[in-house]
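Trainee: Can you keep this structure in mind? I'll have questions shortly.
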Amino acid sequence: MSRGLAGFLVISVLLLTALGFVMLQSTGAYSLEGQADAMASVSRQAAWLMLGLGVAGILAFTDYHLLERWAWPVFWVLVVLLILCYVPGLGVTKGGASRWIAVRIPGVGNVQGQPSELAKITAIIGLAAWCTRFRDRRKHILWGFIYPLGVIAVPVGLIAGEVDLGTASLIFLACAGILFLAGTRLVYMAGAVLLGGVLLGATINQIENRKARVTAFLHLDDPDVSKLKAEIKDMNYQQTQAIIAIGSGGVDGKGLGESRQKMYYLPLPHTDSVFAIVGEELGLKGTAGVLLLFAMAGLCGMGIAIQAPDRFGKLLGFGLISLIVGQAAINIGVTTGCLPNKGMPLPFISYGGSNLFSCLAAVGILLNIHRQTRLAEDDFEIHPR
Amino acid sequence: MSISHPVRPPEPGDRCLRIRAGLVCAGVASIFILLGWRLVHLQVREHGRLQAEVELHRRTETLDASRGAILDARNRLLAVDEPVQKVIFDCNYLQSGEKLADAIEKSENMSSLDLRHTFSLEIIQQRYIAHMARLCAPAMGMTEQEFQEKVSSRLASRPNSQFPICRKISVADALKLRDALESAGFGRYRENVGSQGSLIFRNSFDRTYPANVPLTHIVGAFGEPPTLKAGDQPRPPQGVAGVEKFFENSLHGTDGEREYEIDGWRNEIPAYRGHLIPPRNGKNLRLSIDLGLQSLLEAELDATGPRQGEVYLDELNAERVIVVLFDPATMGVRAIGCRDKVHGVEKPLLTNPVSEYLYEPGSTIKIVTLATALNTGRVNANTVIPIPNGGYYNGGDVSPIRDEHDDGPLSVADVLVKSSNIGAFELARMQGSVRFEQKIREFGFCQKTGFESPVESRGWTAGNERGDRTGKMTLETLSRVAFGNAIVVTPAQMCGALGCIINDGTLRPLHLAESWVDDRGNHLEAMDRPEPPQIISARAAEVVRRAMLQVVERGSGKPGRSQLFEIAGKTGTARKATTVIEKGRAKQKYIPGDVICSFIGFLPADKPRLAGLVIVDQPKSPKHSAYGGHIAAPLFRRIAEKAMAYYEVAPQFSPEVRKLPQAAANTPARAPLRPTSR
């Protein structure tokens with residue numbers, strides 16, 4: 042059974058990645074940067090895929106307990122990388138967000154990376170290590186709740202400051218999940234959720250732009266939206282176009298490559314909005330298939346995590362799979378108009394090297410957890426206690 | 003690379019972890035189920051509505067067909083479509099607050115971001131429309147308020163539609179408008195899609211009339227027809243009068259259509275082009291009108307002068323003057339002139355008097371009476387017709403008939419020359435009322451001739467105004483119809499009758515349209531006309547022609563005698579019936595002094611090159627007697643002589659030769675200097 046979980050996980054991930062390439066081929070020509078050479082984005086993504094598969098392979102055969110040992114040094118290295126995003130000359134700003142650092146490699150050219158994608162994994166590893174190390178104090182308010190949250194707040198704060206609230210929220214949610222699984226008292230978490238909700242509400246109310254976004258989301262289907270401020274209608278543009286794309290696909294879809302919405306109606310058809318194009322071109326069959334693959338990957342990942350031989354493995358596995366599944370759920374939720382608009386790529390399918398790399402790395406770690414479980418079972422069968 | 007690691011025994015927290023992990027799994031599964039439900043909702047239940055949104059990207063563009071040109075007999079343009087621009091307003095553009103705010107930020111002196119942050123889309127739309135109106139309305143020939151109302155009402159009723167806001171703007175004005183919009187910050191003109199902001203510029207056509215003479219009574223006009231009911235949508239432009247209206251179906255052609263899809267940047271997507279129906283241009287029509295002769299006629303009608311023996315329109319003070327010139331060989335109208343007291347440059351005449359004007363022809367119809375009598379074979383040119391003493395007939399069978407002159411018995415030919423009413427009556431009575439009425443109808447009277455005009459009057463005889471009592475003409479009616487009373491005719495019918503006599507008894511109706519031609523004026527297709535019937539014998543026609551010559555040489559038409567050509571013709575003077583209200587009812591009544599003077603004739607008499615009809619309705623001239631011979635005949639002669647010069651027909655006589663015998667003893671000159679040439 043446990044062998045099957047890993048197999049299904051790998052199959053799901055490979056199918057999703059393959060679909061990603063197909064959709065990139067369909068939409069690449071309509072991305073603003075991809076007009077000059079549609080194939081360039083495909084080859085760039087393929088390079089990242091190779092790199093990601095290589096790292097996943099290495100991680101799959103590297104005992105994850107090594108990560109527990111190296112968790113904090115790596116954690117702080119990533120924090121430094123996140124700080125570098127703010128350094129002029131190294132940090133790259135696009136669309137008002139400073140999420141990237143660029144390094145010039147002789148003979149290759151400029152290579153860009155998004156440290157926040159790796160920070161997601163290191164934050165999960167760090168928190169899992171913390172909860173394992175201080176498992177006896179899990180119900181303590183400081184050691185089991187405040188301190189771990191405080192440590193995680195460092196990268197989350199830096200990522201939020203970049204302005205990448207989506208990734209920050211995702212890390213925060215995954216970490217909250219780890220604390221929940223680690224046995225933190227529910228009353229602390231409920232209090233934190235309540236306090237966080239109030240603080241979030243107050244913050245949104247203070248920042249006009251955020252307030253407008255929430256207002257825009259609440260009026261997503263409002264026919265009288267033109268009576269509201271013009272910017273509010275504009276904010277709904279992407280989601281409205283995504284919903285049109287998905288709905289117009291119907292059950293059977295318009296056929297591969299036949300999307301109309303990708304032709305400069307729907308912004309970012311190859312990255313954040315790729316799921317809408319899947320819906321338009323492949324119909325309900327395609328979207329349901331993607332949903333099932335993510336669900337299968339999620340259940341397999343959680344199955345692997347729950348069978349992990351130790352607490353660190355369980356928490357790490359849960360954290361990593363919830364990162365992937367949570368990201369997918371948020372992306373699909375935004376695209377279908379269930380959640381307010383937030384730019385976040387769809388794991389394995391959206392164009393974007395860093396995200397593909399970090400997701401594949403997470404899958405590599407999960408596979409290693411699975412491998413260690415099997416090794417431990419074999420060990421237990423040879424030396425039964 | 004495995005580290006030796008003992009399997010830890012179950013810990014106290016593991017049970018809690020398993021329970022909570024189960025809860026997380028259930029939560030994740032629930033989220034995916036919810037997302038699945040949302041997808042089903044969007045892709046199954048909402049599919050139709052959302053697909054309709056995508057369908058809005060599909061556009062249909064009308065490809066305007068060029069309206070057929072109208073040419074004169076020498077292929078000179080009378081009406082032609084000139085390339086212009088049509089401006090279409092795209093309401094879809096108004097749905098993007100960002101685009102609108104970007105466009106008006108310069109005019110509003112406020113940044114685009116602030117505008118969007120401060121105002122609702124509705125308000126930004128209104129401001130955008132107001133600024134557009136200020137820039138566009140003058141160039142489009144409308145007021146700013148009209149522009150705003152047009153756009154606002156369309157935006158309210160169909161917010162995703164396009165509509166033509168200006169059907170024609172000259173190419174030069176369109177260029178100026180684009181420059182003005184660009185400098186005001188309303189975006190650049192995009193050549194590939196022909197759009198600039200919310201405006202789309204498309205090629206179209208505008209009807210122009212390059213001829214420098216008034217032709218609305220012939221060619222008609224092109225424009226928006228009046229709406230049938232108040233509040234109706236304006237109907238597309240079409241021919242509203244004249245030939246433009248009569249040949250609307252053939253001239254209009256068929257507009258084409260092109261279906262295409264646009265992307266988010268409003269560029270056409272070549273891969274998704276829909277059907278293409280190319281426009282079929284309208285057919286080009288050649289009329290028999292000769293623009294040169296028409297100009298000449300117009301100039302002669304406007305002419306004033308002191309020459310003795312000539313008649314000028316400004317002296318006549320007539321209600322209306324109509325002149326029709328036609329080629330007797332083809333029966334094609336060469337020129338139609340009309341002057342009345344109502345129409346002019348400010349208010350052009352939009353009806354063709356040739357087919358719509360009704361009048362009592364007076365003595366001009368005697369050519370028909372004579373022809374029909376001669377055709378019976380019972381009389382010839384020399385047969386003597388008894389005329390009672392005093393030129394007054396009171397036989398008791400009909401109301402008394404009076405002749406202008408007491409000439410005694412007259413030959414059949416002299417009945418025409420002297421214009422004897424009694425003689426005409428006798429000739430008609432000789433045929434019998436049934437046969438006479440039948441012949442009158444065979445000549446084309448009291449029925450439509452098929453003249454190419456949207457409205458054609460039928461005419462009637464007294465007692466048969468509706469035309470449904472044929473074969474029942476009374477002797478009393480016959481006695482009046484014989485000399486042109488109690489019958490109402492159109493100029494087209496009268497010209498047709500004259501043409502029949504000129505063409506040896508073959509009746510070809512007068513016509514205006516000659517043929518369909520290609521863009522170079524080459525003949526493509528003839529007009530569909532029936533085989534002309536033989537109404538009277540060639541011999542009878544010849545006798546009438548000779549008599550008509552004598553009418554001008556020594557009869558009532560003598561003032562129309564030319565020193566250059568032999569003109570054959572017939573004068574007519576008829577009392578004019580006017581509608582008066584008596585006891586609350588409209589009634590036709592003859593008013594003393596109100597007459598219609600006319601002259602119908604052709605020249606040269608032996609080889610007719612041009613024929614014509616002059617009608618002077620209700621002349622009030624102290625200088626001229628109100629007779630056809632005194633007013634219409636000289637007018638015809640003056641115009642006809644100029645027309646012969648225009649056609650380069652050599653004069654039959656030198657002026658001196660014609661003057662001398664006339665001065666000596668009214669002896670007709672019979673010495674042609676040169677043979678007549680056409």
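Top to bottom, those sequences are chains A and B.
Residue numbering for the first sequence follows the numbering used here, starting at 42 and increasing by one per position.
Residue numbering for the second sequence follows the numbering used here, starting at 3 and increasing by one per position.
Every residue gets a Cβ at the ideal spot worked out from N, C-alpha and C, and that includes glycine.
The structure displayed is predicted, hence computed values, not measured ones.
Spell out whether any CB of chain A is found under 7 Å from the CB atom of GLY187(B).
Mentor: What you label residue 187(B) is simply residue 185 of the second sequence in a count that begins at 1. It does not: the Cβ of GLY187(B) has no partner Cβ on chain A nearer than 7 Å.
Trainee: Could you give the distance in angstroms between the alpha-carbon of VAL197(A) and the alpha-carbon of GLY290(A)?
Mentor: On the first sequence, residue 197(A) is found 156 positions in, with the first residue counted as 1. On the first sequence, residue 290(A) is found 249 positions in, with the first residue counted as 1. Between VAL197(A) and GLY290(A), the C-alpha separation is close to 37 Å.
Trainee: Name the chain A residues that come within less than 7 Å of MET100(B), Cβ to Cβ?
Mentor: One-based indexing of the second sequence puts residue 100(B) at position 98. Reading off the sequence shown, one finds Glu at residue 100(B), where the question assumed Met. Ordered by position in chain A, the residues that pass the 7 Å Cβ test against GLU100(B) are ASP275.
Trainee: Whose C-alpha, out of ASN354(B), GLY574(B), GLY143(B), is nearest the C-alpha of GLU454(B)?
Mentor: By 1-based counting over the second sequence, the position of residue 454(B) is 452. Checked all of ASN354(B), GLY574(B), GLY143(B); the closest Cα to GLU454(B) is ASN354(B).
Trainee: So is TYR229(A) in contact with chain B if we call contact Cβ pairs under 7 Å?
Mentor: In the first sequence, residue 229(A) corresponds to position 188, counting from 1. Answer no: the Cβ-Cβ gap between TYR229(A) and chain B never drops below 7 Å.
Trainee: Return the residue from the list VAL133(A), ILE193(A), ASP205(A), LEU94(A) that minimises the CA-CA distance to SER157(A).
Mentor: The residue labelled residue 157(A) in the question sits at position 116 within the first sequence. Taking only the C-alpha atoms, the option nearest SER157(A) is ASP205(A).
Trainee: Name the residues in the segment 49-69 of chain A whose C-beta lies less than 7 Å from a C-beta of chain B; which are they?
Mentor: Hits within the stretch: zero.
Trainee: Tell me which residue opens and which closes the beta strand (DSSP E) that TYR262(B) is part of.
Mentor: The residue labelled residue 262(B) in the question sits at position 260 within the second sequence. Element bounds for TYR262(B): 258-263.
Trainee: Taking 7 Å as the threshold (beta carbon to beta carbon), is GLN53(B) in contact with chain A?
Mentor: Along the second sequence, one-based indexing puts residue 53(B) at 51. So yes, GLN53(B) belongs to the interface.
Trainee: Along chain B, which residues have their Cβ under 7 Å away from the Cβ of ALA217(A)?
Mentor: For the purposes of this step, residue 217(A) is identified with residue 176 of the first sequence, where counting begins at 1. Simply none; closest approach about 11 Å.
Trainee: Find the residues of chain A that neighbour GLU682(B), judging by a C-beta separation of less than 8 Å, and give them in chain order.
Mentor: Residue 682(B) lies beyond the stretch modelled for chain B, which goes from 3 to 680, so this question has no answer here.
Trainee: Count the other C-beta atoms from every protein chain shown that fall within 10 angstroms of the C-beta of GLU650(B), then say buried if there are 16 or more, exposed otherwise.
Mentor: Looking up residue 650(B) in the second sequence gives position 648. Flag for GLU650(B) reads exposed.
Trainee: DSSP puts LYS578(B) in a beta bridge; with which residues?
Mentor: Taking the second sequence and counting its residues from 1, the one referred to as residue 578(B) is at position 576. According to DSSP, LYS578(B) bridges with nothing at all.
Trainee: When the distance is taken between beta carbons, is GLU312(B) closer than 7 Å to ARG640(B)?
Mentor: Working through the second sequence from its first residue, we reach residue 640(B) at position 638. Working through the second sequence from its first residue, we reach residue 312(B) at position 310. In this structure, GLU312(B) lies closer than 7 Å to ARG640(B) by Cβ.
Trainee: Pull out every residue of the segment 366-391 of chain A whose Cβ sits closer than 7 Å to any Cβ of chain B, in chain order.
Mentor: Here the close residues are VAL366, ALA370, ILE373, GLY374, THR377, CYS379.
Trainee: Between ALA23(B) and chain A, is there a C-beta pair that is closer than 7 Å?
Mentor: Taking the second sequence and counting its residues from 1, one reaches residue 23(B) at position 21. Output row for ALA23(B): interface = yes.
Trainee: Please classify LEU604(B) as buried or exposed, where buried requires at least 16 neighbouring CB atoms within 10 angstroms.
Mentor: Here the question's residue 604(B) lines up with position 602 in the second sequence. Inspection of the sequence shows that residue 604(B) is occupied by Phe rather than by Leu. Answer is buried; the Cβ neighbour count reaches 16.
Trainee: Under 7 Å between C-beta atoms, does HIS525(B) make it to chain A?
Mentor: Your numbering for residue 525(B) matches position 523 in the second sequence. Output row for HIS525(B): interface = no.
Trainee: Closest to ALA417(A) by CA distance: which of LEU190(A), ASP351(A), GLN279(A), VAL121(A) is it?
Mentor: Stepping through the first sequence from its first residue, residue 417(A) is reached at position 376. It is ASP351(A) whose Cα lies nearest to the Cα of ALA417(A).
Trainee: By alpha-carbon positions, which one of TYR95(B), TYR395(B), GLY461(B), PHE438(B) ends up nearest to LEU372(B)?
Mentor: As a position in the second sequence, residue 372(B) is number 370, starting the count at 1. Of TYR95(B), TYR395(B), GLY461(B), PHE438(B), the residue nearest in Cα terms is PHE438(B).
Trainee: Tell me which residues of the segment 174-198 of chain A have at least one Cβ-Cβ distance to chain B shorter than 8 Å, keeping chain order.
Mentor: Within the segment 174-198 of chain A, the residues whose Cβ lies closer than 8 Å to some Cβ of chain B are ARG176, ARG179, listed in chain order.
Trainee: Taking 7 Å as the threshold (C-beta atoms), are LEU94(A) and ILE345(A) in contact?
Mentor: Within the first sequence, residue 345(A) is the residue found at index 304, counting from 1. Within the first sequence, residue 94(A) is the residue found at index 53, counting from 1. Going by C-beta atoms, ILE345(A) is not nearer than 7 Å to LEU94(A).
Trainee: Nearest CA to the CA of THR281(A): which residue from ALA329(A), PHE335(A), THR377(A), ALA336(A)?
Mentor: Against the first sequence, residue 281(A) aligns to sequence position 240. THR281(A) has its Cα closest to that of THR377(A), out of ALA329(A), PHE335(A), THR377(A), ALA336(A).
Trainee: Measure the C-alpha to C-alpha separation of SER623(B) and LYS644(B) and round it to an integer number of angstroms.
Mentor: Looking up residue 623(B) in the second sequence gives position 621. Looking up residue 644(B) in the second sequence gives position 642. If you take the alpha carbons of SER623(B) and LYS644(B), they lie about 24 Å apart.
Trainee: Bridge partners for PHE328(B) per DSSP, in chain order?
Mentor: For the purposes of this step, residue 328(B) is taken as residue 326 along the second sequence, with counting starting at 1. VAL335(B), ALA613(B).
Trainee: Would you mind listing the beta strand (DSSP E) stretches within the segment 174-225 of chain B that are 3+ residues and don't spill past its ends, in chain order?
Mentor: Listed in chain order, they are 201-210, 223-225.
Trainee: So if I threshold CB-CB distances at 7 Å, which residues from the segment 128-142 of chain B count as touching chain A?
Mentor: The residues in question: there are none.
Trainee: Going by DSSP in three states, ARG309(B) sits in which element: helix, strand or coil?
Mentor: Counting from 1 along the second sequence, the entry for residue 309(B) is found at position 307. Coil.
Trainee: Mapping DSSP to helix, strand and coil, what is VAL121(A)?
Mentor: Residue 121(A) sits at position 80 when you count from the first residue of the first sequence. VAL121(A) falls in the helix class under three-state DSSP.
Trainee: On the three-state DSSP scale, how would you describe SER656(B)?
Mentor: Reading the second sequence from its first residue, position 654 is the one you call residue 656(B). It is coil, neither helix nor strand.
Trainee: Which residue from PRO238(B), GLU362(B), GLU348(B) puts its Cα closest to that of VAL618(B)?
Mentor: Numbered from its first residue, the second sequence carries residue 618(B) at position 616. Among PRO238(B), GLU362(B), GLU348(B), the Cα nearest to that of VAL618(B) belongs to GLU362(B).
Trainee: On a Cα-Cα basis, can you pick out the residue from ILE538(B), MET142(B), LEU115(B), GLY187(B) that is closest to ALA174(B)?
Mentor: As a working mapping, residue 174(B) is identified with position 172 in the second sequence. With distances taken between Cα atoms, ALA174(B) lies closest to MET142(B).
Trainee: Compute the beta-carbon to beta-carbon distance between VAL26(B) and LEU222(A), rounded to the nearest angstrom, for a pair I have assumed lies under 8 Å.
Mentor: Counted from its first residue, the second sequence places residue 26(B) at position 24. Counted from its first residue, the first sequence places residue 222(A) at position 181. That pair is a contact at about 7 Å.
Trainee: Verify the CB distance criterion: does ILE126(B) have a CB-CB separation below 7 Å to chain A?
Mentor: On the second sequence, residue 126(B) is found 124 positions in, with the first residue counted as 1. Cβ-Cβ to chain A under 7 Å: yes for ILE126(B).
Trainee: Thinking just about the alpha-carbon of each residue, which of VAL323(B), PHE567(B), GLY24(B) is nearest to the one in ILE338(B)?
Mentor: Against the second sequence, residue 338(B) aligns to sequence position 336. For the residues VAL323(B), PHE567(B), GLY24(B), the minimum Cα distance to ILE338(B) belongs to VAL323(B).
Trainee: Alpha carbon to alpha carbon, how far is GLN368(A) from TRP267(B)?
Mentor: Start at 1 with the first residue of the first sequence, and residue 368(A) comes out as number 327. Start at 1 with the first residue of the second sequence, and residue 267(B) comes out as number 265. Spanning the two alpha carbons is a distance of roughly 31 Å.
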